[in-house]
Amino acid sequence: MASADRARPTNKFTFTITITSSAAMAALLPAFHSLPLPIAQLSLAVVLKCGQSFRWTVLPDADDTEYRLCLRDRVVCLRQSPTTLFYRAVYPDPQPTPTQQALRDAETLVWLNDYFQLDIDLVTLYDEWSVRDPVFARMQSRFQGIRVLRQDPWENLISFICSSNNNIARITKMVQALCTQYSPPLLSFPGEDAKYHPFPPPSVLSEPGVSATLRSLGFGYRADFIHRTAKMLVGIHGKHNPSEASESWLVGLRNTTTDEAREELLKFVGVGRKVADCVLLMSLDKKEVVPVDTHVYQIAMRYYGLKGTSSSNGKKVNMSSKIYNDVSTKLFNVWGDSAGWAHSVLFTADLKSFASYGLPTPAGPTSSPQKILMQKDLLPTLSMAPLLSPLKRTHSEVIVDNPMNAGDDASLTLSLAERVKRRRRVA
DNA sequence: CAATAACCGCGA
DNA sequence: CGCGGTTATT
1 MASADRARPT NKFTFTITIT SSAAMAALLP AFHSLPLPIA QLSLAVVLKC
51 GQSFRWTVLP DADDTEYRLC LRDRVVCLRQ SPTTLFYRAV YPDPQPTPTQ
101 QALRDAETLV WLNDYFQLDI DLVTLYDEWS VRDPVFARMQ SRFQGIRVLR
151 QDPWENLISF ICSSNNNIAR ITKMVQALCT QYSPPLLSFP GEDAKYHPFP
201 PPSVLSEPGV SATLRSLGFG YRADFIHRTA KMLVGIHGKH NPSEASESWL
251 VGLRNTTTDE AREELLKFVG VGRKVADCVL LMSLDKKEVV PVDTHVYQIA
301 MRYYGLKGTS SSNGKKVNMS SKIYNDVSTK LFNVWGDSAG WAHSVLFTAD
351 LKSFASYGLP TPAGPTSSPQ KILMQKDLLP TLSMAPLLSP LKRTHSEVIV
401 DNPMNAGDDA SLTLSLAERV KRRRRVA
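So the first sequence is numbered by full-length UniProt numbering: it starts at 1 and just counts up by one.
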């Protein structure tokens, strides 16, 4: 391993090379590396399937579920134990040199750190929210490891245009169909049929006929939104097209204020306040933003003393701009400058059935007594059981330089510089 | 501004 | 019939 040759006494980083029990597979695929990471900091089982990203493949296994995501040049594979995150990346070409592989592994680690925002201490945040909010304090232990992913803005924007009037299962199918239809397969795994497709770039989705094709794939009215949004983005921000300048423009919104970025997002078709706020929170670093949908509205009304807009009759009241703002502002005031992250915890908890965990109704004057119903069959859904069993693997430890310090690699340096810049802006 | 309809497809 | 929403129209 080339990076191990470099003498870097400081910031040594320990990780584990994992040898799978199948020698044949080990020969074809790179081994898993490991990263010490308490499950309270990240729960893959919840975070990857709770409606943030819709593109993770899950390979269920009673003991050891694997999660895979196809990036532009590699497929990232993850597994998890209560104390450790296991990762590897698989590439299209068959046999990279050990040096190539080591560099790629280092890149993948940088990507992981960025995508999961691992420099943010989730446990400390949970504590802070608990101090500010008794409701959060009461349920936090049940929902550990729920953090906001830092996703690609373009992919995130299109995914959430798909989310209108929709559910996670179908959004997942639609995004999958979109990738299969509009980007060539990157690779498939040895002995497996499934092909892994990256997310298609804006230029591809802006081509003629995309709307009709997506409609035939069951996208409904969202087909036009996606096509038109892609055309707008490429037409306005991708004029000179040195490989997708429009995507870079979207990424650049990370360096603008929340209001400015939201204003830009709202210009696209199919993007209203809710979708815009999701993109702001989940891919543009605006972690104070609280997206409001009907679920969040219900939660705010029930547990945070927001008055339901005089719907004394059981009438269904639409989400007006005023209601949206009231709810979003209220929850921001409850949770503070990382309110969007707290919202994600509560929202995910709600997906798994909020009431079944015996949350108290607030004691405030605006609250009405609510009967908490114990719901059957919902509790096991959140169980971490698959992750608690011992792993069927053997480990041998090696010490290498922390790839985060590999200052002689341009791509790593760039990523790190970008991160530092981002943190500085937040602070 | 608040309220209503239309949009698409899927599941209850 | 209703949905984790947006757009267009009153």
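The beta-carbon is built from N, C-alpha and C at its ideal position, and this holds for glycine as well. Treat the numbers as computed from the prediction; the structure is a model and nothing was measured.
Who are the Cβ neighbours of residue i in its own chain at under 6 Å, not counting the five residues just before and after it?
i      : result
VAL292 : TYR324, VAL327 and SER328
TRP129 : PHE136, TRP335 and ALA342
ALA230 : PRO202, LEU205 and SER206
THR180 : HIS197
LEU157 : VAL279
PHE143 : VAL345 and ALA349
ILE171 : PHE54, CYS162 and SER163
LEU48  : TRP56 and TYR67
Give me, in chain order, the residues of the same chain whose beta-carbon lies closer than 7 Å to that of residue i; leave out the 5 immediate sequence neighbours on both sides.
i      : result
VAL234 : PRO202, SER203, SER206 and SER246
PRO36  : THR83 and THR84
PHE160 : VAL275, CYS278 and VAL279
GLU264 : LEU253
PHE225 : ILE161, VAL269 and GLY270
ALA177 : LEU217
TRP249 : HIS237
MET282 : GLN52, VAL148, LEU149, GLN151 and ASN156
So what does DSSP say about residue i, is it helix, strand or coil?
i      : result
THR180 : helix
GLU264 : helix
GLU66  : strand
LEU331 : helix
LEU187 : strand
LYS173 : helix
LYS231 : helix
TYR297 : helix
TYR196 : strand
GLN140 : helix
SER321 : helix
PHE225 : helix
TYR304 : coil
PRO202 : helix
LEU149 : coil
ILE236 : helix
ILE168 : helix
LYS326 : Correcting the residue identity first, residue 326 is Asp in this sequence and not Lys. In this structure, ASP326 counts as helix in the three-state DSSP scheme.
VAL135 : helix
ASP259 : helix
LEU28  : helix
So the beta strand (DSSP E) residue i belongs to, where does it begin and stop?
i     : result
GLU78 : According to the sequence displayed, residue 78 carries Leu and not Glu. 75-80 is the span of the beta strand (DSSP E), which, as asked, contains LEU78.
Across which residues does DSSP place residue i in a beta bridge pair?
i     : result
SER34 : PHE86
VAL58 : TYR67
What residue range does the alpha helix (DSSP H) around residue i cover?
i      : result
HIS343 : 339-351
GLN100 : 98-115
ILE161 : 153-161
ALA45  : 44-47
ASP127 : 122-132
SER248 : 245-252
ASP277 : 273-283
SER216 : 210-216
By Cβ distance below 8 Å, which residues in the same chain neighbour residue i in space, the five residues on each side in sequence not counted?
i      : result
PRO184 : HIS197
LEU266 : GLY272, ARG273 and ALA276
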